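Student: Numbering (the UniProt record's numbering), first residue to last: 1 to 699.
Cβ coordinates follow ideal geometry from the N, Cα and C atoms, glycine included.
Computed from a predicted model, the values in this text were never measured in an experiment.
The following block contains the structure, expressed as structure tokens.
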Ligand code: FAD
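In structure tokens:
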């Protein structure tokens, strides 16, 4: 009994989109094979664990959301541990290992994990295992897989140490507890939990994931031995390797087709983040010329009849469906074309081996089959290795089976990265490439993530246009590639572009295009408040805005707001305002030429614009990028930031733009203060800390 309890560890996950949870479940599942037992909980279930009294090692898997925030499910937890009155030895008894998930395309990589890690350290908790920081940009598995592999030994050592400590304590207390027994137990534990190394032809492991096919039998692969590898073909050494493949994830969903008609649930029932509002699109303007490299659209929504509220600088979310022809194609491949409008009932499979199995929150218990595929599942998601592993079981062709096994195996890790992750392969691409693979609907529900609502920055002011909300976006386009014959548009931006096509009028490049169309198109939105990216509370404080491309969007809202405030309060003192905007071509994608109006009416004090692809005949080439223009204005920028205690805002769709801008600011500060770079970096860090240097960057 005592030994049993010593094998336990506490496993907490804090997830936003389900990845941290899936990884925690993987750890939970593997634990058994290592003679350990994970007591797994969502970090928000604070009534089910107690870190204040926790003696066993704790493993935390935590993702990052927004601009470096911990996931919503971790908010309460973070608030609790950030209590400034906690003493520095509050968690001195705690040993933990932390795996942070993030995406280096975004600012503040893995900040959710880093924040928790830093605070636990401040409160005296000890690492029993090095922190892992996994990057979704290059593939989470590059860090996650080796981190989990190393976790078991570290856990056993932590448990052993803990046991030794307890034995010592008991000895001091005069209780006879034998250390050698404890060590013996741990030794046994080590032996019983060796990592299973699955070898080709390892006959003893029936029903496991051992691959027993002889390679010579796999003509499919053999014939491609000397060819280039691809999604469907492998070459040596992968094609000749014994494979370590993940354990088959237990099935846990059951789908019943009902012989009944019925209504689909309201979209708001799919959203756990708050109230959704269904609002009409009242205007659509194409801001770019036809020959621009990207198409930027501005949409205006009518929120007058709702309680939806926003401040300039806020972002909000748009609920979007998958592409209808992709859904129809999927139904066709699954052999369910005739059943798209049938009601289905989704339940947890009786007797499933999955711990704590429950119907995913984003899947209604009853809806039509089409509804599930259109609105609930991210069918374009890059399939995870566990999904590939499960697809192996639904594939009849031996060659295809082997290739899927390779792609989810350790030996095929670089093929997975190259042909799946970096090629942005999705389920439909796989089903085309492996035609004998016929997954069930329940498998898709088990493995495809939730179709996420997309975020957009508000590009208007509620003072300037009461009852209206505008936003600006680029229609994302993905070119055709080796695994896909046709080009694709982004899920949400492609859908929006199609939805508003009848409303679209070519750009007059005006902010105040009058005359509304009689559109009846509605979209569902919900708020995503941003705590910091707002105008300074004191209007007399000067500020600088840097927003190339669609990054200008929130600043239009700032300027509209400021213009109204100036009209309504002529007696107030207003600080100077700077806007740095950049685009490719002056005549093709200068999104808001009417920025000049803000200059003319004094709302904007300085407007600095640059064009990266226009050629110039000037003797001295004009600056190309916003960071170049910032450098030209070094003195003023430094004055606003340092002397006038102003604010600095950066917004845009590329992290490297934000990095280039912050590099420029470091150079400017260092030059103007005659300080070294390190000193300038410290000042910038201080400005960030004081929330006077604010970024809103997406990818
Ligand atoms: P998706 O279908 O989601 O595709 C986008 C991403 O998927 C790509 O970036 C890429 O990573 C990947 N991808 C999928 N398939 C492929 C492929 N075949 N090849 C290459 N990559 C692929 N956007 C704006 O335009 N304006 C804004 O004001 C704005 N504000 C934002 C504010 C916040 C707080 C956040 C987080 C994001 C913001 N975004 C904004 C980004 C926006 O949310 C969406 O990500 C963007 O519009 C694309 O959505 P989509 O569904 O059209 O594209």
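1) On the three-state DSSP scale, how would you describe residue 691?
2) Look at the alpha carbon of residue 590 and the alpha carbon of residue 318, and state the distance between them as a whole number of angstroms.
3) Check the DSSP bridge columns for residue 41 and list the partner residues they point to.
4) Check residue 429 in the structure and name its three-state DSSP category.
5) Where do the ends of the alpha helix (DSSP H) carrying residue 118 lie?
6) Keeping to the same chain, check which residues put their C-beta closer than 6 Å to that of residue 371; ignore five residues upstream and five downstream.
7) Taking the alpha carbon of residue 446 as the point to measure from, which residue in 357, 548, 460 and 230 has its own alpha carbon closest?
8) Counting only the same chain and skipping the five closest in sequence on each side, list residues whose C-beta sits under 6 Å from that of residue 137.
9) Output the distance between the C-alpha atoms of residue 219 and residue 438, rounded to the nearest integer angstrom.
10) With a 10 Å radius around its C-beta and 16 neighbouring C-beta atoms as the bar for buried, classify residue 611 as buried or exposed.
11) Quick one: what's got a C-beta closer than 6 Å to residue 663's C-beta in the same chain, skipping five residues either side?
12) Is residue 490 a contact residue of the ligand FAD, with contact defined as CB to any heavy atom under 6 Å?
13) How long is the line joining the alpha carbons of residue 97 and residue 420, rounded to whole angstroms?
14) Could I get the ranges of all uninterrupted alpha helix (DSSP H) runs contained in the stretch 454-484, with 4 residues as the minimum, in chain order?
15) In this structure, how does DSSP classify residue 368 when only helix, strand and coil are distinguished?
16) With a threshold of 16 other CB atoms inside 10 Å of the CB of residue 262, please say whether the residue is buried or exposed.
17) In angstroms with no decimal places, state the Cα-to-Cα distance between residue 25 and residue 250.
18) For residue 61 versus residue 125, is the C-beta distance shorter than 7 Å?
19) To the nearest angstrom, how far is the alpha carbon of residue 698 from that of residue 168?
20) Are the stretch 414-431 and the stretch 338-356 touching, with three or more C-beta to C-beta distances below 8 Å?
21) Using DSSP's beta-bridge definition, name the partner residues of residue 95.
22) Considering only C-alpha positions, which residue in the set 76, 90 and 260 is nearest to residue 367?
23) Nearest-angstrom Cα distance between residue 496 and residue 278?
24) Let me confirm a value: residue 676 is counted as buried when at least 16 other C-beta atoms fall within 10 Å, else exposed. Which label applies?
25) Buried or exposed: which applies to residue 678, given that a residue is buried once 16 or more other Cβ atoms fall within 10 Å of its Cβ?
26) For residue 302, which residues of its own chain have a beta-carbon under 7 Å away from its beta-carbon, when the five flanking residues on both sides are left out?
27) Can you tell me whether DSSP reads residue 137 as helix, strand or coil?
28) Buried or exposed for residue 134, please, with buried defined as at least 16 other CB atoms from any protein chain shown within 10 angstroms of its CB.
29) Go ahead and label residue 32 buried or exposed: buried means 16 or more other beta carbons lie within 10 angstroms of its beta carbon, across all protein chains shown.
30) Which same chain residues, not among the five before or five after residue 680, have their C-beta less than 6 Å away from its C-beta?
31) Pair every Cβ in the stretch 471-478 with every Cβ in the stretch 426-441, then say whether three or more of these pairs are closer than 8 Å.
32) Tell me, please, whether the CB atom of residue 658 is closer than 7 Å to any CB atom in chain C?
33) For the stretch 326-342 and the stretch 535-555, state whether three or more C-beta atom pairs, one from each stretch, are separated by less than 8 Å.
34) Am I right that residue 640 and residue 580 are in contact with their C-beta atoms under 8 Å? What's the rounded C-beta distance?
35) Using 6 Å as the cut-off, classify the Cβ of residue 704 as near or not near the heavy atoms of the ligand FAD, replying yes or no.
36) For residue 611, does the three-state DSSP call read helix, strand or coil?
Tutor: A quick look at the data gives this:
1) coil
2) 25 Å
3) For residue 41, which the question treats as bridged, DSSP gives the partners 12.
4) helix
5) For residue 118, the uninterrupted alpha helix (DSSP H) segment begins and ends at 111-122.
6) The residues 264, in chain order, have a CB closer than 6 Å to that of residue 371 in the same chain once the five nearest residues on each side in sequence are set aside.
7) 357
8) 103, 104 and 105
9) A caution first: residue 219 carries a pLDDT of 41, below 50, which makes its placement in the model too unreliable to give a value.
10) By the neighbour-count definition (other C-beta atoms within 10 Å, threshold 16), residue 611 is a buried residue.
11) none
12) Yes.
13) 30 Å
14) none
15) When DSSP states are grouped into helix, strand and coil, residue 368 belongs to the strand group.
16) Burial call: exposed.
17) 11 Å
18) no
19) 53 Å
20) Judged by Cβ distances under 8 Å, the stretch 414-431 makes no contact with the stretch 338-356, as fewer than three pairs qualify.
21) 126
22) 260
23) 14 Å
24) Exposed is the call here.
25) exposed
26) 279, 280, 282, 467 and 468
27) coil
28) Counting other Cβ atoms within 10 Å of its Cβ, residue 134 reaches 16 or more and is therefore classed as buried.
29) exposed
30) 666, 669 and 670
31) no
32) No chain C is part of this structure, which consists of one protein chain only.
33) With the cut-off at 8 Å, the stretch 326-342 and the stretch 535-555 do not touch.
34) The beta carbons of residue 640 and residue 580 sit about 12 Å from each other, so the pair does not count as a contact at 8 Å.
35) The first residue shown for the chain is 1 and the last is 699, placing residue 704 beyond what the model contains.
36) strand
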